[in-house]
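Enquirer: This is the structure I have questions about; it appears just below.
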Amino acid sequence: MPRRVAVSRRRAVALCGSLCALACTVGDASALAALTPSHTQSIDSPNSLNAVSCVPGTTDCVVSDSKGNALYSTDVSASSPATWTPWAGPAGSEPSEAVACPATSLCTIAAGHAGEPGTGGSLYYASTLGGAWSIAREPVYGTNAISCASTYLCVSAQSEDFIDETTRPASEEWFPEEVVELGVDRMTGVDCFTSSFCAVVDSKGNVFIANSEAKITNLSGKGWEATNIDGTTALHGIACTSRTSCFAVDGEGNLLDLTINGSGEATVSKHHLDGASDLTAITCTEGFMCVAVDSTGAVFVSSDGGAAWTEQLALGKHLTSVSCASSSLCVTADAAGEVTAFAPPLFPLTVFLTGEGEVTLTPAAIKCSSEECAYELEGEVTLTVAGAGAGYEFAGWIGCKKASATTCTVDVTAASEVTAVFLKAGKEGTAGKEGPAGREGAGIEGKAGGVGPVGERGTNGAQGPAGPAGAQGPPGPAGKIELVTCKTLKGKQRCTARLVSGAVKFTAAGLAAQATLSRRGVVYAAGTARVTHGGMSLRLAPVRRVRPGSYTLTLISGRGSHERITSEPFTLR
Numbered sequence: 003m004p005r006r007v008a009v010s011r012r013r014a015v016a017l018c019g020s021l022c023a024l025a026c027t028v029g030d031a032s033a034l035a036a037l038t039p040s041h042t043q044s045i046d047s048p049n050s051l052n053a054v055s056c057v058p059g060t061t062d063c064v065v066s067d068s069k070g071n072a073l074y075s076t077d078v079s080a081s082s083p084a085t086w087t088p089w090a091g092p093a094g095s096e097p098s099e100a101v102a103c104p105a106t107s108l109c110t111i112a113a114g115h116a117g118e119p120g121t122g123g124s125l126y127y128a129s130t131l132g133g134a135w136s137i138a139r140e141p142v143y144g145t146n147a148i149s150c151a152s153t154y155l156c157v158s159a160q161s162e163d164f165i166d167e168t169t170r171p172a173s174e175e176w177f178p179e180e181v182v183e184l185g186v187d188r189m190t191g192v193d194c195f196t197s198s199f200c201a202v203v204d205s206k207g208n209v210f211i212a213n214s215e216a217k218i219t220n221l222s223g224k225g226w227e228a229t230n231i232d233g234t235t236a237l238h239g240i241a242c243t244s245r246t247s248c249f250a251v252d253g254e255g256n257l258l259d260l261t262i263n264g265s266g267e268a269t270v271s272k273h274h275l276d277g278a279s280d281l282t283a284i285t286c287t288e289g290f291m292c293v294a295v296d297s298t299g300a301v302f303v304s305s306d307g308g309a310a311w312t313e314q315l316a317l318g319k320h321l322t323s324v325s326c327a328s329s330s331l332c333v334t335a336d337a338a339g340e341v342t343a344f345a346p347p348l349f350p351l352t353v354f355l356t357g358e359g360e361v362t363l364t365p366a367a368i369k370c371s372s373e374e375c376a377y378e379l380e381g382e383v384t385l386t387v388a389g390a391g392a393g394y395e396f397a398g399w400i401g402c403k404k405a406s407a408t409t410c411t412v413d414v415t416a417a418s419e420v421t422a423v424f425l426k427a428g429k430e431g432t433a434g435k436e437g438p439a440g441r442e443g444a445g446i447e448g449k450a451g452g453v454g455p456v457g458e459r460g461t462n463g464a465q466g467p468a469g470p471a472g473a474q475g476p477p478g479p480a481g482k483i484e485l486v487t488c489k490t491l492k493g494k495q496r497c498t499a500r501l502v503s504g505a506v507k508f509t510a511a512g513l514a515a516q517a518t519l520s521r522r523g524v525v526y527a528a529g530t531a532r533v534t535h536g537g538m539s540l541r542l543a544p545v546r547r548v549r550p551g552s553y554t555l556t557l558i559s560g561r562g563s564h565e566r567i568t569s570e571p572f573t574l575r
């Protein structure tokens with residue numbers, strides 16, 4: 003089973019399977035090759051193949067060698083030999099240090115010596131595979147690396163502190179930009195992820211980032227943000243998966259995981275991937291698959307954007323370069339004049355949709371909106387609900403590990419199936435009929451609380467001085483009282499009224515009675531009641547504390563017979 007090394011920002015662990023008898027060692031090439039479809043072919047022995055570039059999305063690849071020549075093929079396969087056609091390089095220009103072909107209509111090659119011996123050559127371009135090479139640039143110190151984001155923009159790195167850029171690669175309009183920060187020495191690798199994002203590394207452990215087209219094409223060189231990421235260790239290559247994430251490799255077996263901020267500054271997390279071996283090159287394609295190679299023939303593959311790496315091949319040769327046309331076809335070049343085409347191991351992942359909705363898969367950056375979607379992937383895949391169809395709601399996942407309400411993950415290391423369940427949204431039901439009121443419970447009245455202690459009497463304030471007596475007013479007229487006398491004659495009551503003055507003697511004509519105010523048999527107030535001229539007056543003194551509520555008013559005759567007169571409910575508010 004291949005050796006897996008996880009190097010994500012989340013964790014770093016080494017995995018070695020124990021479920022099969024295959025030795026988990028770098029040197030077991032036959033065991034590793036059995037798991038990875040590959041085909042090795044000698045095409046240029048004894049010359050060293052120094053660089054390889056495959057046209058994205060095709061089976062077309064180009065290699066360049068130590069004699070300054072190139073070879074190309076349009077039928078590269080991981081399962082059978084390809085037809086490689088010699089392509090004569092610029093006359094008398096050797097060796098070739100780098101090649102980049104973003105399309106079959108454009109290839110660039112660095113060939114020949116410039117400056118110090120072995121430090122790079124001049125830059126040439128061709129507009130067809132096998133076509134004539136034309137001079138594009140003759141730098142003083144020579145070109146060591148090239149990357150083209152498209153046929154519109156290319157960037158090359160020189161042996162000293164210069165970076166060349168152009169928006170017209172098939173011409174002589176290449177412009178140098180001098181970068182002098184951080185003690186720059188020999189530029190060794192370059193990757194342009196898009197026409198507005200490029201990264202360059204050098205032999206002093208530095209990385210240079212330009213994250214806009216304006217910065218890339220700034221002739222002053224001030225558009226490149228420099229960061230030292232590896233001390234003084236030489237970096238041998240760089241590849242980016244997004245505008246915020248790149249990977250670099252060095253000569254001590256380290257993989258450097260870079261996070262790029264909006265200003266182009268890089269922070270690094272270093273992981274030991276390959277013992278003390280020299281990692282010679284790295285490439286990434288389609289945003290989530292990366293391949294790194296070393297000087298002993300080891301091929302490491304990551305199918306999840308660099309989170310975990312697996313040693314897929316042990317070829318036993320000094321590998322100089324690697325390029326991928328797609329996630330299913332990559333090619334390595336070595337110092338013995340051989341190329342190895344291989345298909346990184348991918349496993350079938352089938353996504354089923356129950357109901358109507360859409361699911362997004364990352365880092366593959368693909369969407370599934372049909373009833374069944376099938377893909378070939380490897381590593382951890384995150385599935386996210388992109389939306390539900392009209393009248394549907396997302397209900398849940400089957401076959402993956404839930405990460406949130408709308409996302410889940412699956413580790414694709416074998417054939418896998420995941421189902422996203424979308425159900426029709428139900429209509430809101432009508433309100434049910436209100437049930438009958440429950441029977442009122444009979445509560446027990448609590449006991450009356452005891453009377454609290456009498457508070458201390460406050461001290462009297464000082465009496466103020468008496469005011470002067472006012473003058474006595476004149477006497478008023480004598481008061482008069484209206485005296486009303488009523489008699490009953492022949493069943494009818496007749497009353498007369500007259501004004502009188504002086505003292506008047508009243509005679510009680512009404513009925514006096516005892517009165518009580520009670521509640522559930524407990525008397526709260528007692529006193530007297532008197533009925534006079536059709537009206538009744540009460541005078542009650544409290545026996546207990548009287549609170550608002552329902553009471554019973556009871557009147558009893560006052561003649562000593564205790565005859566009950568009446569009992570009426572009474573509400574005190």
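Using this note's numbering, the letters of the sequence shown map in sequence onto residues 3 to 575. Beta carbons: idealized from backbone N, C-alpha and C, even for Gly.
Given this structure, state the Cα-to-Cα distance separating L155 from C103, to the nearest angstrom.
Expert: About 12 Å.
Enquirer: Candidates G359, E382, E380 and A367: which alpha carbon is nearest E373's?
Expert: When each option's Cα is compared against that of E373, the closest is G359.
Enquirer: Pick from A392, A422, G389 and G391: whose alpha carbon is nearest that of K404?
Expert: A422
Enquirer: Just to confirm the assignment, what range does the alpha helix (DSSP H) spanning A216 have?
Expert: E215 to I218
Enquirer: Excluding the five sequence neighbours on either side, which residues of its own chain have a C-beta within less than 6 Å of the C-beta of T86, listed in chain order?
Expert: Here residue 86 is Trp; the residue named in the question, Thr, does not match the sequence. Result list for W86: I45, L73 and S75, in chain order.
Enquirer: Based on Cα-Cα distance, which residue from V65, S152 and R139 lies nearest to S107?
Expert: The candidate whose alpha carbon is nearest that of S107 is S152.
Enquirer: Do you know offhand how far A528's Cα is from T573's?
Expert: Their Cα atoms are separated by approximately 16 Å.
Enquirer: If we ignore side chains and look at the alpha-carbon of each, how far apart do P88 and G225 end up?
Expert: Distance between the alpha carbons of P88 and G225 is about 39 Å.
Enquirer: So, at 6 Å on beta carbons, what are the nonlocal neighbours of T168 in its own chain, with the 5 sequence-adjacent residues on each side left out?
Expert: C156, E175 and W176
Enquirer: Note down, in chain order, each residue of its chain lying with its Cβ closer than 8 Å to the Cβ of R12, except the 5 sequence neighbours on either side.
Expert: Low confidence applies to R12: its pLDDT is 28, below 50, so where it sits in the model is not reliable enough to give any reading.
Enquirer: May I have the straight-line CA-CA distance separating L92 from L379, to the nearest angstrom?
Expert: Contrary to the premise, residue 92 reads as Pro rather than Leu in this sequence. Whole-angstrom Cα-Cα distance: 41 Å.
Enquirer: According to DSSP, is N49 part of a helix, a strand, or is it coil?
Expert: N49 carries a coil assignment under DSSP once its states are collapsed to helix, strand and coil.
Enquirer: Near I134, which residues of its chain fall below 8 Å by C-beta distance, leaving aside the five closest residues on each side in sequence?
Expert: Note on identity: in this sequence residue 134 is Ala, with Ile being the wrong assignment. Closer than 8 Å at the Cβ level, and outside the excluded window around A134, lie A128.
Enquirer: For T352, report the span of its beta strand (DSSP E) as first-last.
Expert: According to the DSSP assignment, T352 belongs to the beta strand (DSSP E) that extends over F349 to T356.
Enquirer: Within this structure, are the beta carbons of C292 and T243 separated by less than 8 Å?
Expert: yes
Enquirer: Inspect the beta-carbon positions of I284 and A241 and report whether they are closer than 8 Å.
Expert: yes
Enquirer: Between the segment 334 to 347 and the segment 266 to 279, can you find at least three pairs of beta-carbon atoms closer than 8 Å?
Expert: no
Enquirer: Using CA coordinates, which residue listed in G454, G381, A397 and L275 is at the minimum distance from D306?
Expert: Comparing Cα-Cα distances from D306 to each of G454, G381, A397 and L275, the minimum goes to G381.
Enquirer: Would you mind sorting K217 into buried or exposed? The rule is 16 or more other CB atoms within 10 Å of its CB.
Expert: buried
Enquirer: Once you ignore the five residues that flank T287 on each side, which residues in its own chain have a CB closer than 6 Å to its CB?
Expert: C326
Enquirer: From this set, L125, K369, T411 and A338, which residue's C-alpha is nearest S173's C-alpha?
Expert: L125
Enquirer: Alpha carbon to alpha carbon, how far is G277 from G70? Give it in angstroms, no decimals.
Expert: 33 Å
Enquirer: Let me know the secondary structure DSSP gives W311 once reduced to three states.
Expert: strand
Enquirer: How would you label P97, buried or exposed, when you count the other beta carbons within 10 angstroms and need 16 or more for buried?
Expert: Of the other Cβ atoms in all chains shown, 16 or more fall within 10 Å of the Cβ of P97; this residue is therefore buried.
Enquirer: For H320, which beta-bridge partners are listed by DSSP?
Expert: Paired residues: none, contrary to the question.
Enquirer: Just the C-alpha distance for T530 and V548, rounded to the nearest angstrom, thanks.
Expert: 17 Å
Enquirer: Would you grab the beta carbon distance between G144 and A116 for me? Rounded to a whole angstrom, and I think it's under 8 Å.
Expert: 3 Å
Enquirer: Quick one: what's got a C-beta closer than 8 Å to T411's C-beta in the same chain, skipping five residues either side?
Expert: E382, V383, T384, L385, C402, K403 and A405
Enquirer: Exposed or buried, V203, counting other C-beta atoms within 10 Å across all chains shown (16 or more means buried)?
Expert: buried
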